[in-house]
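Structure record follows, encoded as structure tokens.
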Amino acid sequence: MNKEDGAKKIAHTAVMVFVVALALCLPGGNGTVAQAASGAKHINSEAAAAKVRAEAAKALIEAQNAMDKADEMMRMAQKQRQKSMSKEKDAFQKMVAAGYYPSDITLTAQNGQVHAVFSHKKHLLREHLKCTECHPRIFIMNAAAEKKKKGFTMANMRKGLYCGHCHNGKRAFSVADLAMCKRCHPKQL
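Adding 5 to a residue's 1-based position in the sequence shown gives its number in our numbering.
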């Protein structure tokens with residue numbers, strides 16, 4: 006007999022002893038075993054309900070502990086990502102300070118006809134901008150992914166998104182100024 010079977014047998018014996026004791030404790034001390042069994046079933050159902058509540062409480066505590074652990078892991082991952090981004094920004098700034106600039110980026114419209122050229126060198130040298138003024142707040146540092154954005158349109162730029170964040174007529178020439186098209190779209194004009 007294994008431990009589980011032994012435990013079940015002991016529990017069954019305990020219930021039987023309890024039933025007999027309950028029969029003796031009923032008013033007059035002469036209750037029937039059937040009455041005692043009925044009372045025992047009621048007590049057993051309450052005990053079972055208490056056991057279920059205890060198991061549910063234990064499961065809730067375990068779930069909360071797991072959620073706390075997951076939250077902590079997410080916080081640690083976020084800190085690590087921020088450290089990594091900070092190192093990446095520092096590396097780019099050092100590269101620019103040494104005279105090395107990211108290459109020009111050619112952007113092609115979804116219809117495949119309109120091309121725009123973005124020069125990091127012109128923006129960094131002439132305008133004295135830092136990488137962090139655009140990255141990652143306005144543009145992510147992945148040209149291929151940025152090109153795939155469906156919202157990268159002249160209409161959105163006129164609303165102040167992407168290039169339009171600075172090229173709004175106040176900080177730099179406006180993307181809406183038709184006389185300036187050739188500055189970004191040299192191949193078409």
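The beta-carbon is built from N, C-alpha and C at its ideal position, and this holds for glycine as well. Note that the structure is a prediction, hence the values are computed from the model and not measured.
Do the stretch 96 to 109 and the stretch 130 to 148 make contact, defined as three or more Cβ pairs closer than 8 Å? yes
Thinking C-alpha only, which one of Ala102, Cys168 and Ala71 is nearest Ile145? Cys168
When you compare only the Cα positions, how much space is there between Ala52 and Ala71? 28 Å
Per DSSP, the bridge partner or partners of Ala103: In the DSSP output, where bridge partners are listed per residue, Ala103 has none listed.
Check the DSSP bridge columns for Ile110 and list the partner residues they point to. Assignment of beta-bridge partners to Ile110 by DSSP yields Phe123.
Terminal residues of the continuous alpha helix (DSSP H) containing Asn173? Counting along the chain, Asn173 falls outside any alpha helix (DSSP H), and DSSP gives it neither H nor E.
Write down the C-beta distance between Tyr105 and His125 rounded to the nearest angstrom, noting that I regard them as a contact closer than 8 Å. 10 Å between Cβ atoms; not a contact.
The alpha helix (DSSP H) that contains Arg163, what's its start and end? Met159 to Arg163
Cys189 versus Ile66: straight-line alpha-carbon distance, rounded: 59 Å
Compute the beta-carbon to beta-carbon distance between His172 and Phe178, rounded to the nearest angstrom, for a pair I have assumed lies under 8 Å. The beta-carbon separation of His172 and Phe178, rounded to 6 Å, stays under the 8 Å limit for a contact.
What does the Cβ neighbour count give for Leu183, buried or exposed, with the cut at 16 atoms within 10 Å? Flag for Leu183 reads exposed.
Spatially closest choice to Asn147 from Ser108, Val119 and Lys164, by CA coordinates: Ser108
Less than 6 Å between C-beta atoms, sequence neighbours within five positions excluded: which residues of the same chain meet that for His140? Closer than 6 Å at Cβ, skipping near neighbours: Met146.
What's the C-alpha gap between Ile143 and Asp76? 28 Å
Put Met146 into one of helix, strand or coil per three-state DSSP. Met146 falls in the coil class under three-state DSSP.
Any idea if Leu130 is buried or exposed, counting beta-carbon neighbours within 10 angstroms, 16 or more meaning buried? When all chains shown are included, Leu130 counts as exposed.
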